[in-house]
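S.K.: Reminder that position 5 of the sequence shown reads as 5 in the UniProt record's numbering, one-by-one numbering, no gaps.
Heads up, the beta-carbon is just placed ideally off N, CA and C, and yes, glycines get one too.
Model, not experiment: these values are computed from the prediction.
Supplied in structure tokens, the structure appears directly below.
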Amino acid sequence: MSHTQDIARVTTSELEAFMRRVLMRCGADEPSTEAVSRALLTASRMGVDSHGLRLLPHYVQAVRGGRVNPSPRMTFSRRMPATGYLDANDGFGHLAGYTAIAHAIAMADDTGMGAVAVGNSSHFGAAGCYPLEAARRGLIGMAVCNSDPFVRLHQGQGAFHGTNPFAFAAPVEGGNPYLLDMATSSIPWNRVRQYAAIGRELPPDVAANAAGDISTEPGEVSSLLPLGGAQFGFKGAGLAGVVEVLSSTLAGMLNGFRLLPMVGPDMSTPRGVGHFFLVMRPDAFNDLETYRARMHEYLTDLRSQPAVKGDEVLAPGDREWRCQAHRDAEGIPLDSANLAAYERLAKELELAPLSVSWQPNGGRMQ
């Protein structure tokens, strides 16, 4: 039977179960398995597959190659009442992220604020997963992370900074958190790989080829432009530098330009990625009811602003929450590249394949 015009979908519970089977087959301990599968599922439920389900095969390579420690002994040291350092012991960045934000939350509960620098870590997926943990507990959270060079400096010729993500979440009484998760590059590098896998052209003014010329062909892209593009990229480059200082510098790790590439021939040497997490209690600055009222007024004013014809004004996180509700009800779609990758994983690891259903492509939100 042909499924050319149909979409393969998988339920969140089936995807989570498959991810857990894969990770445990590769030797990941229970905390690592839980953290990685939770982070990947969180991203894909929100529609960010580039940092969700698509990354599982890469993480399998990293564990099997020896780059990532599947059962780390992460150690936390509280340096001052509101600060601490987490040595991730070359484990999964997702476990490091959830562990660090938990420590930051505990310090914020105690002192009003908590900040944790993380060293000896690895790729942690979607940065928004971690401040979201704070927002769900009524706290404001922030996370940043450095990464290997993919992004040109403003007017630079080659890559220097990583995509260096910045994520921020704030609680909203009676609603989903305000959630911003963005790269400081024009687009994430994983988006380039995702578009290449499905033969899709990139938008203009976001990436360049090896000669330094702007390119829309994913296959020839060698670097990304910083946020702001060719004319205003100094803004994105500056923000990427702030992320670098907070993550690698505070954690004592190598800056992104000196990191081993995430995707490369060496999958056995730990990369030493740095992260930074900040958590704040709203009532440490003003009374809680005032915070809640002002937040509600701000979002009401924002969403009520007139939009250009055919569009809608959204607050950060609105699109993701809508997508999550849709995917929880309808299933998470898998494009042809991801479906093939998951089939290969199951075969190589001798596991039962991912169970998908085929649904007509009605052109609705994916």
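Provide the residue(s) that pair with Gly-141 in DSSP beta bridges, ordered along the chain.
M.R.: Bridge partners of Gly-141: Ala-169, Val-279.
S.K.: Should the segment 83 to 91 be regarded as contacting the segment 116 to 131, the criterion being three or more beta carbon pairs within less than 8 Å?
M.R.: Cβ pair count under 8 Å is three or more, so yes.
S.K.: Which complete beta strand (DSSP E) runs does the segment 204 to 282 hold, if anything under 3 residues is left out?
M.R.: Those beta strand (DSSP E) runs which fall completely within the segment 204 to 282 and span 3+ residues are 207 to 209, 221 to 224, 273 to 280.
S.K.: If Glu-320 sits next to Met-46, beta carbons under 8 Å apart, how far is it from one beta carbon to the other, in whole angstroms?
M.R.: That pair is a contact at about 4 Å.
S.K.: Please state whether DSSP places Arg-78 in a helix, a strand or coil.
M.R.: Arg-78: strand per DSSP, three-state reduction.
S.K.: The alpha helix (DSSP H) that contains Gly-65, what's its start and end?
M.R.: Its alpha helix (DSSP H) spans residues 56 to 65.
S.K.: The alpha helix (DSSP H) that contains Ser-357, what's its start and end?
M.R.: Per DSSP, Ser-357 belongs to no alpha helix (DSSP H); it is in the beta strand (DSSP E), 357 to 360.
S.K.: Can you tell me the Cα-Cα spacing of Gly-219 and Ala-196, whole angstroms?
M.R.: One C-alpha to the other measures close to 6 Å.
S.K.: Looking at the unbroken beta strand (DSSP E) that takes in Gly-84, where does it start and where does it end?
M.R.: Taken as a continuous stretch (DSSP letters only), the beta strand (DSSP E) holding Gly-84 covers 83 to 87.
S.K.: Got a sec, what are the start and stop residues for the alpha helix (DSSP H) Val-313 sits in?
M.R.: No alpha helix (DSSP H) contains Val-313, which DSSP labels as neither H nor E.
S.K.: Mapping DSSP to helix, strand and coil, what is residue 394?
M.R.: Only positions 1 to 366 of the chain appear in this structure, which leaves residue 394 out of reach.
S.K.: From the DSSP output, read off the bridge partner residues of Tyr-178.
M.R.: Answer is Ala-170.
S.K.: Is it a yes or a no for the segment 90 to 110 touching the segment 32 to 50, going by three-plus beta-carbon pairs under 8 Å?
M.R.: With the cut-off at 8 Å, the segment 90 to 110 and the segment 32 to 50 touch.
S.K.: Helix, strand or coil for Ser-44 per DSSP?
M.R.: It is helical.
S.K.: Taking the alpha carbon of Ala-126 as the reference point, which residue from Phe-166, His-58, Leu-260 has its own alpha carbon closest?
M.R.: Nearest C-alpha to Ala-126: Phe-166.
S.K.: When the Cα atoms are used, what is the spatial distance from Gly-228 to His-161?
M.R.: When rounded, the distance between both Cα atoms is 15 Å.
S.K.: Starting from the C-beta of Leu-278, find all residues in its chain whose C-beta is less than 6 Å away, skip the five residues before and the five after it, and write them out in chain order.
M.R.: Once the five neighbours on either side are set aside, the close Cβ partners of Leu-278 are Ala-115, Met-142.
S.K.: Determine the burial state of Asn-338: buried for a count of at least 16 other Cβ atoms within 10 Å of its Cβ, exposed for fewer.
M.R.: So Asn-338 ends up on the buried side.
S.K.: What are the boundary residues of the beta strand (DSSP E) that Leu-202 is part of?
M.R.: First-last for Leu-202: undefined, no H or E at that position.
S.K.: Does DSSP classify His-154 as helix, strand or coil?
M.R.: Reduced to three states, the DSSP call for His-154 is coil.
S.K.: What do you get for Thr-33, buried or exposed, if any count of 16 or more other CB atoms within 10 angstroms of its CB means buried?
M.R.: Buried, by the Cβ-count rule.
S.K.: Per DSSP, Gly-161 forms a beta bridge with which residues?
M.R.: Residue identity check: residue 161 is His in the sequence provided, not Gly. The partner list for His-161 (beta bridge, DSSP) reads Val-151.
S.K.: Just to confirm my understanding: we take Ile-101, look at its own chain, exclude 5 residues before and 5 after, and list those with CB closer than 8 Å. What are they?
M.R.: So the qualifying residues of the chain are Val-116, Tyr-130, Pro-131, Glu-133, Ala-134, Gly-141, Ala-143, Phe-277, Val-279.
S.K.: In chain order, what residues of the same chain lie with their CB nearer than 6 Å to the CB of Ile-187, ignoring the 5 residues before and after it?
M.R.: Taken in chain order, the residues that qualify are Val-206.
S.K.: Thinking Gln-157 and Gly-212 are a contact (beta carbons under 8 Å), I'd like their distance in whole angstroms, please.
M.R.: Right, the Cβ-Cβ distance comes to about 5 Å (below 8 Å), so this counts as a contact.
S.K.: With a 10 Å radius around its C-beta and 16 neighbouring C-beta atoms as the bar for buried, classify Leu-349 as buried or exposed.
M.R.: Classification of Leu-349: exposed, given that the 10 Å Cβ count is below 16.
S.K.: Please classify Thr-300 as buried or exposed, where buried requires at least 16 neighbouring CB atoms within 10 angstroms.
M.R.: Its Cβ having fewer than 16 others within 10 Å, Thr-300 is exposed.
S.K.: Looking at Ala-315: is its Cβ nearer than 8 Å to the Cβ of Arg-327?
M.R.: It is not a contact, given that the beta carbons lie outside the stated cut-off.
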